[in-house]
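Trainee: To start, I am sharing the structure in question, which I have written as structure tokens.
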Amino acid sequence: MEYEYVHMDDVPRVDLSENDDVPPDHDIRSIDEALGLENVRANVWYIEPGDEISYHAHSEQEEVFYVLEGTFSLKLGRSGETETVEAEPGTWWAAEPMVGHGHRNVGDETGIVLAFGAPAVDDVGLNPHELDE
């Protein structure tokens, strides 16, 4: 791939309710699949009010997020050293491998978050409370 482009409306919005590993009310647009990316994951998450991406960590993947719409409460940091902050549109945050992170939609509308992760590996979320420092 030398270059690709796609409009958001042309990327299917997928309901993940049949996936046991993801809370039922989350929808996602897989930007990395639409663009044929091999080295980075890129997704747009749709999170309903009160729903969350639970506090977790990855063994290899570094992640960066950007709030497009909505208000979120973020839980960031290693187990026992977490910080909770509010994020609104325009807010970026990141977590390196082995560092916990999660976010809950605390607003009244569907929240939309752009997420990037690299390397593009299947890096299942780990419980930060069970990781060695």
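Residues 1 to 133 (UniProt numbering) make up the sequence shown, in order.
Cβ coordinates follow ideal geometry from the N, Cα and C atoms, glycine included.
1. Cα separation between E4 and I31?
2. With DSSP collapsed to three states, give me the class of D10.
3. On the premise that E48 lies in contact with D15, defined as a C-beta separation below 8 Å, what is that separation, rounded to the nearest angstrom?
4. Quick check: the Cα distance between G90 and V67, rounded to an integer number of angstroms?
5. Which of the three DSSP states, helix, strand or coil, is assigned to E130?
Mentor: With the structure as the only source:
1. Between E4 and I31, the C-alpha separation is close to 11 Å.
2. Of the three classes helix, strand and coil, the one that applies to D10 here is helix, per DSSP.
3. In fact, because the Cβ distance is near 12 Å, the residues do not count as touching under 8 Å.
4. Looking at the two C-alpha atoms, the distance is approximately 6 Å.
5. The answer is helix: DSSP assigns E130 an H, G or I state.
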